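In the working numbering, the protein residues as written are 95 to 305.
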């Protein structure tokens with residue numbers, strides 16, 4: 095495996111483990127075992143666990159800062175939600191509670207803020223685009239869609255932990271994509287709703303609903 099591929103594999107595995115168990119409960123050996131390499135090989139690339147977390151945060155910040163295409167149709171919004179669901183899973187390590195040193199704690203906070211800013215801007219442009227195309231109704235009152243974006247952001251922020259809680263009490267794991275659509279649906283125009291029920295809803299996983 096090439097060096098860059100190995101580094102990428104290490105960071106993917108570290109993100110998964112930090113997201114599942116939290117930074118504090120993951121050891122260098124855990125990461126090495128998940129990546130299929132020796133601890134010695136892992137320390138060659140990253141001498142300490144803190145350096146791995148810093149690299150993970152740098153990677154997430156880089157992903158967040160990439161310009162995103164603004165969806166102009168409901169199908170494009172649905173595709174964006176598919177991507178968001180993957181990003182939410184991959185970035186769940188951002189939203190665990192950790193005992194971190196000052197450098198890591200500050201970096202973690204900045205990464206969270208960058209993610210919130212990027213997503214808020216993207217959703218604001220998306221809603222404006224859908225309104226211009228006649229698929230989204232106008233605001234019912236001043237600040238209506240700003241509050242809708244806040245609700246979407248909260249789903250994104252707390253999704254991983256909430257899904258775990260649902261599973262822990264025996265409920266089927268809710269779906270990120272469907273949950274966001276349940277927030278958007280009441281605000282769609284008649285044309286938008288026809289598009290949703292005709293083309294978006296049939297693509298949901300069997301046995302799942304948008305509510």
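We put the CB at the ideal spot given by N, CA and C, even for glycine.
Note that this is a predicted model, so its numbers are computed, not measured.
Distance between residue 298 and residue 306 (C-alpha atoms, nearest Å)
One cannot answer for residue 306 here, as it falls past the ends of the chain, which runs 95 to 305.
Curious, which full-length alpha helix (DSSP H) runs of at least 4 residues does the stretch 227 to 276 contain?
238 to 262
Do you know whose CA, among 266, 247 and 155, lies nearest residue 278's CA?
Position 184 of the chain shown, counted from the first residue, corresponds to residue 278. Nearest C-alpha to residue 278: 247.
Would you report the Cα separation of residue 273 and residue 244, rounded to the nearest angstrom?
Looking up residue 273 in the chain shown gives position 179. Looking up residue 244 in the chain shown gives position 150. So the alpha carbons of these two residues sit roughly 14 angstroms apart.
Cβ neighbour criterion (16 or more within 10 Å) applied to residue 263
Counting from one through the chain shown, the residue named residue 263 turns up at place 169. Classification for residue 263: exposed.
Same chain, Cβ closer than 8 angstroms to residue 249, five either side skipped, listed in chain order
The residue labelled residue 249 in the question sits at position 155 within the chain shown. Around residue 249: 270, 273, 274 and 277.
Express the C-alpha separation of residue 147 and residue 230 in angstroms, rounding to a whole number.
For the purposes of this step, residue 230 is identified with residue 136 of the chain shown, where counting begins at 1. For the purposes of this step, residue 147 is identified with residue 53 of the chain shown, where counting begins at 1. The straight-line gap from Cα to Cα measures roughly 40 angstroms.
Which residue from 209, 242 and 258 puts its Cα closest to that of residue 114?
Within the chain shown, the letter at position 20 stands for residue 114. Looking at the Cα atoms, 258 is the closest of the given residues.
Between 251, 294 and 293, which has its C-alpha nearest residue 179's C-alpha?
Here residue 179 refers to the residue found at position 85 when the chain shown is read from its first residue. Considering only alpha carbons, the answer is 251.
Between the alpha carbons of residue 127 and residue 234, how many angstroms are there, rounded?
Position 33 of the chain shown, counted from the start, is the residue given in the question as residue 127. Position 140 of the chain shown, counted from the start, is the residue given in the question as residue 234. Whole-angstrom Cα-Cα distance: 54 angstroms.
Residue 158 and residue 212 - do their beta-carbons sit closer together than 8 angstroms?
Walking along the chain shown from the start, residue 212 turns up at place 118. Walking along the chain shown from the start, residue 158 turns up at place 64. Yes, the pair counts as a contact, with Cβ atoms nearer than the cut-off.
CB-CB length for residue 164 against residue 219, believed under 8 angstroms
Stepping through the chain shown from its first residue, residue 164 is reached at position 70. Stepping through the chain shown from its first residue, residue 219 is reached at position 125. Confirmed, Cβ separation roughly 5 angstroms.
For residue 125, which residues from the same chain have a beta carbon less than 8 angstroms from its beta carbon, with the 5 sequence-adjacent residues on both sides left out?
Mapped onto the chain shown, residue 125 falls at position 31. 104, 107, 108, 111, 136, 143 and 146, listed in sequence order.
Just to confirm my understanding: we take residue 166, look at its own chain, exclude 5 residues before and 5 after, and list those with CB closer than 7 angstroms. What are they?
Within the chain shown, residue 166 is the residue found at index 72, counting from 1. So the list reads 223 and 227, once near-sequence residues are dropped.
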